[in-house]
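So the protein sequences, as listed, match chains A and B. Here the first sequence is numbered in UniProt numbering, starting from 1 and rising by one per residue. Here the second sequence is numbered in UniProt numbering, starting from 1 and rising by one per residue. C-beta atoms are modelled at their ideal positions from N, C-alpha and C, and glycine is treated no differently. Since the structure comes first, as C-alpha cells, the remarks are kept for the end.
Protein chains: 2
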Amino acid sequence: MGRSLPEASFDVVPFARDAWCLAAEGQPPQLGHVPALFSIGNGFVGVRGPGEAAGAPRVYLNGVYERVPIAYHEAAHGFARESDLRLAVADATRPAISLDGQPTGPASGVELDLRRCVRTERVTSGGIEIVIEQFVSMAHDGLVLTRVAFPEAADVTAMALVTPPPGSGGAAGAPPEGAVYDPRVAPVMADSPWVELQVSTAPGSAARTDSLDKSGFLVACAMQEIGRRTIDGRVQVDFVSGYRASRDRGALDNLPEILRAAREQGYDALLAEQADWFAHFWSVSDVAFPGQPNAELAIRYALAELAMAVGRDGKTSIGAKGQTGEGYEGHVFWDADLYVMPVFAFTNPAIARAMLEWRISGLDAARDNARAMGQMRGALYPWRTIGGHECSSFFPAGPAQYHINADIAYALETYLAATGDRSILDGHGAEMLVETARIWLEIGFHDAGRDDGFVINRVTGPDEYSAIVNNNLYTNLMAARHLRLAAREGLAARLIDAAEADRMVRAADAMFLPFDEERQVYAQDDAYFRLAPWPFDETPPQSYPLLLHFHPLAIYRRRVSKQADAVLALALMPEAFVAPMRQRMLETYEATTVHDSTLSASAFATAAAHAGDGARAAHYWRVAALTDLADLFGNTDHGLHMAALAGSWTTLVMGFAGMRVDGDVLCFDPVEIPGLSDYRFTIAFRGAQVDVAVSGRSATVSVRDGRSVRIRVGGEDLASPAQAQPLRAI
Amino acid sequence: MGRSLPEASFDVVPFARDAWCLAAEGQPPQLGHVPALFSIGNGFVGVRGPGEAAGAPRVYLNGVYERVPIAYHEAAHGFARESDLRLAVADATRPAISLDGQPTGPASGVELDLRRCVRTERVTSGGIEIVIEQFVSMAHDGLVLTRVAFPEAADVTAMALVTPPPGSGGAAGAPPEGAVYDPRVAPVMADSPWVELQVSTAPGSAARTDSLDKSGFLVACAMQEIGRRTIDGRVQVDFVSGYRASRDRGALDNLPEILRAAREQGYDALLAEQADWFAHFWSVSDVAFPGQPNAELAIRYALAELAMAVGRDGKTSIGAKGQTGEGYEGHVFWDADLYVMPVFAFTNPAIARAMLEWRISGLDAARDNARAMGQMRGALYPWRTIGGHECSSFFPAGPAQYHINADIAYALETYLAATGDRSILDGHGAEMLVETARIWLEIGFHDAGRDDGFVINRVTGPDEYSAIVNNNLYTNLMAARHLRLAAREGLAARLIDAAEADRMVRAADAMFLPFDEERQVYAQDDAYFRLAPWPFDETPPQSYPLLLHFHPLAIYRRRVSKQADAVLALALMPEAFVAPMRQRMLETYEATTVHDSTLSASAFATAAAHAGDGARAAHYWRVAALTDLADLFGNTDHGLHMAALAGSWTTLVMGFAGMRVDGDVLCFDPVEIPGLSDYRFTIAFRGAQVDVAVSGRSATVSVRDGRSVRIRVGGEDLASPAQAQPLRAI
C-alpha cells in the first residue's frame with residue numbers, strides 16, 4: 001500500500017481565531033511557519049510576516065529576478081545556461097522602532113484580517129504595547145502602508161528605514177556544512193549580485209535604488225512618514241512605502257510622485273480603498289460552511305493569499321510560492337495554469353486573463369525552447385521560468401514534462417468556458433494554442449506496431465518519480481484534448497490549413513492510452529506496472545519525501561508516484577472514464593502514491609469526488625486546505641504552496657459540487673461529503689454572478705441581477721434566468 | 001539506414017614510415033594531431049609529443065588528480081559531489097635549448113620507434129639540426145630520459161629546466177566565448193588548484209614540488225644533466241627527469257637518490273634496459289601481417305601505446321585516454337575492464353592482474369556508491385573515477401550504467417580463463433565478484449507478469465543514446481553471466497550460502513531477454529523498437545556526433561544507438577545467439593547505430609566476424625585500427641582512444657581468429673577476411689606462449705618451450721603438447 005497522508009482536521013486549526021482572522025501569539029520560536037503564513041502582498045510586492053532574523057529575505061517583487069549562470073559539470077546540447085533567480089529586495093516596509101532608546105524585540109503576536117488583508121503585529125515590552133498595522137495596497141501597484149501606534153507616555157520612536165537587499169555588500173552565505181540539499185529551495189549565490197546605485201535619507205524618509213547586473217532590473221524603493229497624531233493617549237505614526245522596478249531607469253522616476261500622492265491621500269483613505277477592494281473580492285469569491293468557521297477560514301485564506309500573490313498586469317504570473325518565500329527560485333510552473341488559473345477564471349476573470357496574457361507573451365521564448373529541445377516546429381513552454389526562458393537544469397523532471405503545453409491549453413480552454421471571452425484568441429491566444437499543439441505532432445507518431453495508435457515517447461508526466469516514460473496517460477489524454485481544441489480554433493483563426501487540422505484530429509482520435517489488463521485500469525505509462533513496487537514496508541516515515549532520501553534512479557526504478565498523475569487525468573477529465581474505472585483507478589494509484597508533492601491531495605480529492613467517494617474526497621480536501629495552515633509538509637517556511645491553496649477551492653467547486661461547463665451550460669452535480677452537509681460559494685460565469693448553495697446532493701443556484709445563463713443541476717436543465725430560487729434537489 | 005562510418009584503408013596511413021616507425025614532418029600547423037599521437041609514457045608518466053603552444057598541458061601522471069567540487073543547479077540525493085580531475089603536472093621533460101642565444105623554434109619532425117618506444121624530435125634552424133631523443137623508462141617508474149645532440153660548431157645550449165604546472169599561478173583560462181561545449185573534454189577550472197611548495201635550480205639541474213590542496217597529492221619533479229660528450233663533431237647532452245607523486249610527503253624524499261642512480265647508470269645503459277623491456281614485450285605480443293606494413297604498424301602502435309599508458313602498480317589503471325590528453329578528466333571507465341584488460345590478459349598477464357587489483361582496491365568505495373544509489377547490499381562500481389569514488393555528474397549516461405559491474409566480472413573471468421591464476425580470487429577477487437553480483441538481486445526481480453522472468457529496469461546500457469531503459473539486452477546477458485560466476489566462486493570461497501547462490505543462479509536462468517517478434521531479433525531493450533526511427537535522411541554529416549547537436553531527450557526519443565550495444569553482446573557472447581540470429585542482429589543494429597563512440601567499431605567488427613561476415617568485419621576493424629592514426633573522429637587531440645586501440649587487437653584475435661577459451665581449452669575458429677589472407681600473433685595462455693599463424697580459415701598453432709596446453713582449432717581438439725607444428729587446416 002502507498003503512503004497515507006496524515007489525517008487533517010478542521011477541529012483544531014493552528015492560528016485560527018475566527019472565520020475571518022488568523023492570529024499567532026508568542027515569541028519567534030513558538031511562531032513556527034508564521035513568517036510565510038502571515039505574508040501579505042498585492043501581486044507585485046510581497047512582504048513576509050514577522051518572526052525571522054534581521055536581514056533574512058522578507059520582501060519580494062513579482063517578476064524581478066537576476067539572471068544567474070547554471071553550472072554543469074557535464075552539460076549537453078540544449079541545456080538551459082541561465083536561470084531567473086528571484087531575489088529578495090531591499091526592505092522598505094519596516095520602520096525603525098525603538099523603545100527607551102533600544103530597538104524593539106520580536107513581535108509577540110500577529111493577526112491577519114482576511115476581510116481587508118490587513119496585518120497587525122504587536123510588540124510588547126515592559127508593559128508597553130506597540131502595534132504595527134500594515135497592508136499592501138491592492139489598488140496601488142507598489143504601495144505598502146504601515147501605521148505604528150504606541151502609548152503617548154512611552155519613550156517610543158518610529159522612523160522611516162530602508163535596509164539593503166539581503167546578502168548585498170558581501171557573501172550571501174553558504175549552506176551549513178553537512179546540510180541536506182533540498183532541491184526545492186533556491187540555490188545560494190556565493191556573491192550577491194546586487195549593485196547599490198543610490199541611497200538617500202532625510203528626516204522622515206529613506207530611499208535606495210539597487211540594480212541587478214545581468215538581468216538589468218533596477219529596483220527603487222522608499223519609505224516616508226506621512227502622518228502623525230495622538231488619539232486617546234496613543235500616538236499613531238503612518239508610513240508609506242513605495243516600490244518601483246523596471247529595466248528602464250526612466251520608469252522609476254515617478255516614485256516620488258507616487259509617494260506624494262499617497263501622502264496626500266493619507267493612510268485612512270488608502271485603508272478604505274483596500275477595504276473596498278476586498279469587499280468586492282469577497283462578494284464575487286466568498287465561500288461559506290455554516291457552523292464550520294475553521295473550514296471557512298481555510299478556504300478564505302487560500303483565496304486571499306492567491307489574490308495577494310498573483311500578478312495582475314499581464315507581465316507576471318504566480319510563482320509556486322508566490323512572493324511568500326525562497327522556494328523554487330520564485331519560478332512559475334504548470335500549477336499556475338492548471339491549479340491557480342481556474343480559480344480566477346471562475347471568480348475574477350480579469351486576473352485569469354492577465355495570467356494567460358503573460359503566457360502568450362512568452363510564445364517566442366517557447367519557440368526558442370522547442371528548437372533547443374530538437375523540435376523543428378511549434379513552441380514548447382518552459383518548465384520553470386520567470387522571464388519566459390527555460391530555467392530548469394534537470395531535464396528528466398523538468399523540460400521532459402511536455403504536458404506543460406497541454407496544461408496551458410487547458411487553462412485557455414477553461415478561461416473560454418468560464419468567460420466566453422473569445423477576444424483572448426485574437427490576441428495571439430489562438431497562435432499559442434496552435435504552436436503548442438504542433439509539438440505533439442513533432443514528438444509523437446502513429447505507431448504501426450500499435451494499430452497506428454498515436455504514441456508519445458520519452459516524456460515525463462506530472463509524476464516526477466517516473467521520469468522519461470513512454471505514453472504517460474495524463475500527457476496523452478491532455479494532448480488529445482489540446483490537439484482537438486487547436487485544430488478547431490486554429491482553423492477558425494486561419495492559422496492552420498485543413499491538412500494540418502486533420503493531422504491534429506487524427507492524432508487525437510488515435511491517441512494511445514496504455515492499459516493494464518491485469519488490473520483493468522489505464523496505466524500511468526507503458527511500463528508503470530512492469531516496475532517492482534516501492535518497498536513501503538521498509539520505508540520509515542522519516543524517509544519521506546523520497547526525493548530527499550533516495551537517488552532519482554532508485555525512485556524511477558520502482559512503481560511509486562510522487563503525486564497524482566493518472567489520478568489528475570481523472571480529476572480533470574472524468575468524462576474520459578466510466579464510473580467503475582474511476583474507483584478502480586483511484587484505489588490502484590492511491591496504493592502507489594506517496595503525495596510528496598502538495599499538488600497531489602486536491603487532485604485525489606477531486607477524483608474521489610468524481611468517483612462518488614465522498615469520504616476519501618473529504619480527507620484529501622482537508623489535507624489540501626490545511627497544507628500551509630497546519631504546515632503539513634514541514635516546509636511552509638519556504639513559502640506558501642499556491643497550488644494546494646488553489647486546489648482546496650477547486651476541489652470544493654469542481655469536485656464536491658461537481659461543477660463543469662458543457663458547451664454554454666454551467667453544470668453542477670454535488671457529491672455527498674461526510675461532515676460537510678452544507679456549503680455555499682459563488683461563481684463568475686459568462687458575465688453573470690452565480691451563487692450556489694449545496695446541501696447534501698442538492699444544490700440551490702441563483703443568478704444575480706437577473707442575468708441569463710444556462711444552468712444544469714444533476715443533469716436537469718433549468719429555466720433561465722434563474723434568480724434566487726432553488727433549482728433542484730436530488 | 002544508420003550512419004556509415006567513413007571507409008578507412010591501410011593503403012595510405014598518416015605518419016606511417018615503416019612497420020615499426022611513425023614519423024611526422026613539418027611545422028606545427030601541418031602536424032595536426034601529432035601531440036597526442038606521438039605520446040610516450042610508462043604507465044605512470046605520460047609525455048605528449050611536440051607541436052603545441054608553450055604552457056599547454058603536456059605531462060600527466062597516472063593516478064594523480066585534484067578533487068574538485070561538482071556544481072549542480074538542481075542536485076538530488078546520492079549525486080556525486082566531487083570529481084577526480086586529472087591535471088597536467090609540471091614539465092620536467094623539456095630541456096631549455098637555444099641556438100645563437102635564442103630559444104629554438106618548434107620541431108620540424110618527430111619519429112616514434114615502436115621497437116623501443118623511443119621518440120626523436122628534430123629542430124632545424126639556419127642549417128643547424130638539433131636532435132632530441134627521449135623515452136620514458138619502462139624499467140624505472142618515474143624516469144624520463146632525454147638526449148640532445150647538435151653540431152659542435154653550432155652555438156647551442158641545452159640546460160635542465162622545469163616549468164610550472166599549466167595554469168598555475170593564475171587563472172587557467174576560460175573556454176572562448178561561443179565555444180561548443182564538448183562534454184568529452186575536461187572542464188576548465190576557474191583557478192588553478194596547484195600550490196607551489198618548493199622550486200630550486202642549480203647549475204645543470206632544476207626541481208620543483210607542487211601540491212594539490214584538496215586531494216592532498218604532492219608532485220616532486222626534477223631534471224638534471226647527467227652526461228655531455230662530443231662524438232664525430234656532434235655534442236650529446238644527456239638529461240634525466242624524475243617524477244614522484246604521493247599523498248605522503250616522505251615518499252618523495254628519495255627523488256634525489258633515484259636521479260643519482262640514473263646518473264650513475266647513464267643514458268646508454270638506461271636506453272639498453274628500455275630496449276630489453278620492449279624486446280620482451282614484443283616477443284610476447286607482436287603481430288605480423290606479411291606484406292602489409294601499415295596494418296602491422298597500426299596494431300603495434302596500439303599495443304605500444306596501451307603498454308605505455310596502463311598502470312602496472314595495482315594502484316592505477318588506464319584512463320579512457322591514458323596519459324595522452326585532456327579528455328574525460330583522465331577518468332577510468334568500463335573500457336579499461338572490457339576492452340583493454342583482455343589484451344593484457346592474453347599477452348602480459350601481470351599487467352592484467354594489476355588492473356584487477358586496482359578494481360579490487362576500490363571495493364569499499366563501490367559499496368559506498370551502491371548505498372548512495374539506494375541499494376542496501378552489494379557494491380556498485382563507479383562509472384568514472386580515478387581514486388575509486390563515483391565522479392559522474394550526469395546519471396542517465398553515467399551511474400545508470402549498472403553494466404559496469406558485469407564488465408568488471410567479465411574482465412575477471414577473462415583473466416581466470418587466460419591465466420588460470422585463481423589466487424586473484426583469494427585476494428578479495430571473489431569478494432568483489434559476489435558483492436557486485438548482489439546488485440542484480442537488489443535492482444532486478446522475477447516479474448510474475450513475465451512468467452517470472454528476471455527483469456532489470458531503469459538502467460542504461462552501453463548505448464548512451466538510449467538512457468534509462470528496461471531490460472537492456474547487453475546488461476541482462478552480462479548480468480546472467482556475472483551471477484553464475486559469482487554463485488560458483490562465491491560458494492567455493494564460502495562467501496555466500498547455498499540459498500544466496502541459488503537466488504543468483506535462478507535469476508541468471510530466468511533472465512528476461514527482450515525480443516522483437518516483427519524483426520525476429522533480440523531487442524536492445526523493452527521499448528527500443530517502439531521508438532520512432534532516427535531521421536537519418538534529415539541529418540547532415542555535420543550534425544554528428546549527435547550528442548553535440550541535439551538535446552539528450554531528442555536523442556533518447558528515437559531509435560538510434562550511439563554505439564554497439566546489442567551488437568556488443570554478440571561480440572562478447574556469440575554462444576548466446578544462433579548463427580542466423582547473429583547476422584540479423586548485425587544488420588538490424590547497423591541500421592540504427594551512428595558510431596558516435598570509438599568503442600563501437602571493434603565491437604561491430606568482432607560481431608561481424610562471429611556472424612561469418614568477413615568483409616564487414618574488415619571494414620570496422622580498419623576503422624578501429626586507424627581511429628587515432630588517421631584521426632577519424634577528429635578528436636584525437638583530446639588524447640588517444642585506448643578502447644579503440646585495444647579493440648583493434650581483440651578484433652583480430654577474438655574476432656578474425658575466433659579465439660576463445662572453453663574450460664581449459666584454447667580454441668580458434670578463423671573467419672575468412674577479405675584482404676587479410678595471412679596474419680600471425682602470439683598469445684599467453686596458462687603460462688605458455690602460443691604462436692598463432694592464420695591463413696584464410698586455417699590456423700597453425702605452436703606452443704613455445706614444450707609447455708602443455710590444450711588447443712582446439714575449428715572444433716577439433718589437438719594433441720598436447722603441440723610444439724611448432726601445424727595443427728589444422730579447414
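Whole-angstrom C-beta distance between residue j and residue i, which should lie under 8 Å
i: residue 35 (chain A); j: residue 55 (chain A); result: With 8 Å as the limit, residue 35 (chain A) and residue 55 (chain A) do not qualify as a contact, their Cβ atoms being about 13 Å apart.
i: residue 606 (chain B); j: residue 539 (chain B); result: About 27 Å; that fails the 8 Å criterion.
i: residue 785 (chain A); j: residue 370 (chain A); result: Shown here, chain A extends from 1 to 730; a query on residue 785 (chain A) therefore has no answer.
For residue i, the three-state DSSP class (helix, strand or coil)
i: residue 651 (chain B); result: helix
i: residue 351 (chain A); result: helix
i: residue 223 (chain A); result: strand
i: residue 449 (chain A); result: helix
i: residue 494 (chain B); result: coil
i: residue 505 (chain A); result: helix
i: residue 39 (chain A); result: coil
i: residue 415 (chain A); result: helix
i: residue 161 (chain A); result: coil
i: residue 528 (chain A); result: helix
i: residue 718 (chain B); result: strand
i: residue 409 (chain A); result: helix
Residue i to residue j span [Cα, whole Å]
i: residue 672 (chain A); j: residue 305 (chain A); result: 28 Å
i: residue 627 (chain A); j: residue 660 (chain A); result: 25 Å
i: residue 288 (chain B); j: residue 117 (chain B); result: 18 Å
i: residue 368 (chain B); j: residue 604 (chain A); result: 38 Å
i: residue 171 (chain B); j: residue 61 (chain B); result: A caution first: residue 171 (chain B) carries a pLDDT of 41, below 50, which makes its placement in the model too unreliable to give a value.
i: residue 336 (chain A); j: residue 158 (chain A); result: 39 Å
i: residue 598 (chain A); j: residue 645 (chain A); result: 9 Å
i: residue 680 (chain B); j: residue 669 (chain B); result: 14 Å
i: residue 686 (chain A); j: residue 663 (chain A); result: 12 Å
i: residue 110 (chain B); j: residue 119 (chain B); result: 7 Å
Identified DSSP bridge partners for residue i
i: residue 117 (chain B); result: DSSP output for residue 117 (chain B) lists no bridge partner at all.
i: residue 66 (chain A); result: A:85
i: residue 702 (chain A); result: A:691
i: residue 200 (chain B); result: B:207
Cβ-Cβ distance between residue i and residue j below 8 Å
i: residue 430 (chain A); j: residue 495 (chain A); result: yes
i: residue 72 (chain B); j: residue 84 (chain B); result: no
i: residue 476 (chain A); j: residue 526 (chain A); result: no
i: residue 601 (chain B); j: residue 595 (chain B); result: yes
i: residue 67 (chain A); j: residue 443 (chain B); result: no
i: residue 332 (chain A); j: residue 643 (chain A); result: no
i: residue 709 (chain B); j: residue 657 (chain B); result: no
i: residue 407 (chain A); j: residue 338 (chain A); result: yes
i: residue 503 (chain A); j: residue 529 (chain A); result: no
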